[in-house]
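To start, the structure under review is shown below, and the notes come after it.
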Amino acid sequence: MADTQRLRHCKGRALLCLILVTVLKAVSGQIRYLIPEETEKGSFVGNIAKDLGLEVKKLSDRGVRIVSRGRTQYFAMNFRRGHLITAEMIDREQICGGMEKCLLNCEVIVEDKMKVYRVEIEIADINDNGPSFQVEEAEIKIIETTALGSRFLLPEAQDPDFGTNTLQSYQLSSNRHFSLDVQNGSDGVKYAELVLEKSLDREEKAVHELILTARDGGNPARSGTAQIRIIVIDADDNAPVFSQPVYKVNVLENLQKGSTVVTVKATDLDEGLNKEIKYSFRRITDKASKIFHLDPETGDITVVGNLNFEESALYEIEVQAHDGGGHFDRSKVVVVVSDVNDNPPEIAIRSLVNSVPEDSPPGSVIALLDVQDPDSGENGEVTCSIPSNLPFQLKKSFDNYYSLVTERALDREQEAAYNITVTATDNGTPPLSTATTIPLQILDTNDNAPLFDKTSYTSYLMENNPRAASIFSLRANDPDWGENARVTYSVIEGQVEEAPLSSYISMNSEIGAIYALRSFDYEQFREIRFQVQAQDGGSPPLSSNVSVTLFILDQNDNTPQILHPSFPSDGSTGVELARSSEPGYLVTKVVAVDADSGQNAWLSYQLLKATEPGLFAVGLHSGEIRTARYFLDKDALKQSLVVLVKDNGQPPLSATVTVTVVVADSIPEILSDLSSLSAPADPQSSLTLYLVIAVASVSCLFFTFIIVLLALRLRQWRNSELFDSSSVTFSGVPASQFVGIDGVKAFLHSYSHEVSLTTDSRKSQFNFPRSNYANTLSSQQICDIKDPILVTEELDINNRDQTSVQVS
């Protein structure tokens, strides 16, 4: 009951000490507090917010944390008041043992500033432990012949407190035979010796009962007692003697259990029972008693627990040897524990940023790391590293703190996330290492414009396409993320044939598909050029343009148009031919054009129907109608030829023309036959009839001159050039002349007949010019015809211009 009251009184004094807490600020910026041990959980330690200059209201927002070393967190933060408080009850003797100063360290981390403050808390000792003996009853054997003044070592009391609170004095119960002498050892530890003041007489009293009391210097003082039983025995004149006053041994902390640390040895010169020696620990701490064992017979000290250099590097044990006669000797055993590299480094992440924007400047802090190794010397020296191929580096802040920062600019498009492995390696042999992985996400910024996969696009569309048909699609890629990578498409406005581009095409802004708003005509225009813009959804948005060319492909939607012979009102045309014409003679030529292009405009000619099969032949590609054989008497004088003109499209389109050929032995017969030709039922041949009548009328006026001309030239008919090329020529026209309607007119102009009539006093001459063979129009020579009527009129004018009369 008295001990309980004293404990409460002691705690009351401890609470008063809280008011006198001292805050020491060292030159290095550390903060030191002083608190008594046994302080209850939640007790005030110091006003950390005031001492660090932090506002209490913003403590939680700043992410202030308290980090203590070791497994037990003794301190915590009161964010409401800004106070440092105890998180556990602190026992100074358990933490620091017999150290003169007991200091606990912790760090205060302010995350938003990435700063660390070191705080030291000194634990002041209070008298919470009383002196205690390892044995409650000790037995001392004293020979009755022992000389006066002889000393006997009494059991030693242990008090884990420090300073005045530890053991201060011993007291012995009153006895006339003995007195107490308290000595201070070289290590400052007090020990008590029993001094024989009056001779003993076993026969008078064989056992003496004494009480040894140990007291400390606390207020109030605490004490402990031990029962001392003195047995008086017969005389033994030799005491055991240890071979060494001090046994010092060095062992490694990884020494296996059961291994012998040292063997103590004592000798006694007596004989018999007085020579038998027993060994025992005289003074040993509780921690050491769980690690070491002393064999009482052999003196072997073995390891029964785990040695740990980090917990204790030195053990001092006092052993004693006593014989059967009650004599004893004592010696000290010093066990020095050497460190081995048995602890890998420890990495603690004190502050961490999980994601950073890709445009973060170099030097941005990612994480704050605390690296510790409980080993000592080189075994505790730690080197931190990260892979060299990462855009980060480790910078040592102070002590064992490292900052993980960006080394260079980041690019999310190259690497969107990193798993940064931090490796801590000590300098032990062999070295031990620990690795931890820090995940980091790179946030996107709009630093990339959409990019098309081609520098320009070309597409082809068949004419006469349906409206709203999809022409083609294009796509731009943006390596950014989210809204920064969302691409919208638009057509940059322009004009086609003086009409806005938006009236021809439209574009889906989401998928980049282009649609035709109308049906295109190859003969109207053959290509559309425009630009498409791709713009992302960033802020500000980025964009890029690409050129698009849409080619309109030709479709076989135009039938061939026959330009020559021209169509009269009766639907046919007439050509005069002499019966004496040789095979291969060029009768006439069918000229046609096709408004299409390519193979759709490749024309072929064939004789579809003839009055006299085999008499005439048509050039497949030239369209020239020639005689295939000599005329026979049975052949009709009027031949009707139907010529088919067909293109090469799929399916092919065609047109026909009817040519009437009048055959006669002489020119008058030709003229009479021409006048007697009956018009076919086809109204399209009326124009040809008019032409025949016109030619016949002109020929009648100059009939006389023609007969004279024939008489003069009849002999030279086969060997001379009856049709002089200087008068009228059907020449092969180069393809370059057949571009546009003007080229067709020129071709037809060169293909006309010219009649020259000349008279003088002795003769008259009538020339039928001979035309050269001309080729038909190829696909590259076909041109667009805008007004076929004008072509026919031009042909008529040219025919009239080619006929001239000369009279002298």
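According to the working numbering, the stretch in the sequence shown is residues 5 to 812, in order.
We treat Cβ as the ideally placed atom computed from N, Cα and C, and that holds for glycine.
Checklist line | Backbone CA spacing between Leu478 and Val536 [nearest angstrom] | finding: 9 angstroms
Next item on the list: State yes or no: is the C-beta of Leu108 within less than 8 angstroms of the C-beta of Gly86?
Entry: No.
Notebook entry, point to check: I think Ile232 touches Ile144, with their Cβ atoms under 8 angstroms apart; what is that distance to the nearest whole Å?
Noted result: The Cβ separation is near 7 angstroms, so the contact holds.
Next item on the list: Express the C-alpha separation of His181 and Ser203 in angstroms, rounding to a whole number.
Entry: Straight-line Cα distance between these residues: approximately 7 angstroms.
Note to self: Here's a check: name, in chain order, each residue in its chain whose Cβ is nearer than 6 angstroms to the Cβ of Leu648, leaving out the five neighbours to either side.
What the structure shows: Gln610, Leu612, Ser658 and Thr660
Item checked: Delimiting residues of the alpha helix (DSSP H) encompassing Ile52 -> Ile52 to Leu56
Item checked: Length-filtered (4 minimum) alpha helix (DSSP H) runs lying within the region 312 to 354 -> none
Item checked: Rounded straight-line distance, which links the Cα of Lys593 to that of Pro504 -> 46 angstroms
Notebook entry, point to check: With contact counted as at least three CB pairs below 8 angstroms, one residue from each stretch, are the region 377 to 389 and the region 442 to 452 in contact?
Noted result: no
Check: In angstroms, rounded to a whole number, what distance separates the CA positions of Glu417 and Ser601?
Finding: 49 angstroms
Notebook entry, point to check: With respect to the beta strand (DSSP E) encompassing Lys252, which residues constitute its N-terminal and C-terminal limits?
Noted result: Note, Lys252: beta strand (DSSP E), Val250 to Leu256.
Item checked: DSSP-derived helix/strand/coil call for Thr168 -> Reduced to three states, the DSSP call for Thr168 is helix.
Checklist line | Beta-bridge pairing of Cys388 - partner residues as DSSP gives them | finding: Ala428
Notebook entry, point to check: Where does Asn383 sit, in a helix, a strand or coil, going by DSSP?
Noted result: helix
Check: Looking at C-beta atoms only, is the number of pairs between the region 145 to 157 and the region 46 to 61 that lie closer than 8 angstroms three or more?
Finding: Counting Cβ pairs under 8 angstroms, fewer than three are found: no touch.
Checklist line | Cβ pair count under 8 angstroms reaching 3, the region 210 to 226 against the region 297 to 311 | finding: no
Next item on the list: Go ahead and pull the three-state DSSP assignment for Cys704.
Entry: Helix, per DSSP.
Notebook entry, point to check: In chain order, what residues of the same chain have a beta carbon less than 7 angstroms from the beta carbon of Val646, not counting five sequence neighbours either side?
Noted result: Leu612, Lys613, Thr660 and Thr662
Margin query: Rounded to the nearest angstrom, what separates Lys269 and Gly153 at their Cα positions?
Written below: 28 angstroms
Margin query: If contacts are defined as beta-carbon pairs under 8 angstroms, then Thr631 and Gly588 qualify, I think. What distance do you get, rounded to the angstrom?
Written below: 7 angstroms
Next item on the list: Determine the DSSP secondary structure at Ile819, reduced to helix, strand or coil.
Entry: Here the chain comprises residues numbered 5 to 812, so residue 819 is not present and cannot be evaluated.
Notebook entry, point to check: Roughly how many whole angstroms lie between the Cα atoms of Leu198 and Phe166?
Noted result: 26 angstroms
Margin query: Is the separation between the beta-carbon of Ser548 and that of Ala453 shorter than 8 angstroms?
Written below: yes
Notebook entry, point to check: How should Lys650 be labelled, buried or exposed, when 16 other C-beta atoms within 10 angstroms of its C-beta is the threshold for buried?
Noted result: buried
Next item on the list: Could you tell me which residues DSSP pairs with Glu280 in its beta bridges?
Entry: Answer is none; Glu280 lacks a bridge partner.
Checklist line | Lys45, buried or exposed, once every other Cβ within 10 Å from all chains shown has been counted against 16 | finding: exposed
Next item on the list: May I have the straight-line CA-CA distance separating Asn560 from Ser463, to the nearest angstrom?
Entry: 20 angstroms
Checklist line | Chain-order list of residues whose beta-carbon lies under 8 angstroms from that of Leu624 (same chain, five-residue window excluded) | finding: Ser608, Tyr609 and Gln610
Check: Are the CB atoms of Ile532 and Glu467 nearer to each other than 8 angstroms?
Finding: no
Checklist line | Residue from Pro656, Ala668, Asn652 and Glu580 whose Cα sits closest to the Cα of Ile629 | finding: Glu580
Notebook entry, point to check: Do Glu115 and Arg66 come within 8 angstroms of each other at the CB atom, strictly closer than that value?
Noted result: Cβ distance < 8 angstroms, so Arg66 and Glu115 count as in contact.
Note to self: Can you look up Glu497 in the DSSP assignment and give me helix, strand or coil?
What the structure shows: coil
Item checked: Element boundaries [alpha helix (DSSP H), containing Glu4] -> The question about residue 4 has no answer here: the residues shown for the chain are numbered 5 through 812.
Next item on the list: Consult DSSP for Ala605 and reduce its assignment to one of helix, strand or coil.
Entry: In the structure shown, Ala605 adopts helical secondary structure according to DSSP, grouped into three states.
Check: Is the number of C-beta pairs between the region 239 to 257 and the region 326 to 341 that are closer than 8 angstroms three or more?
Finding: Short answer: they touch.
Checklist line | Secondary structure of Gly221, DSSP reduced to three states | finding: coil
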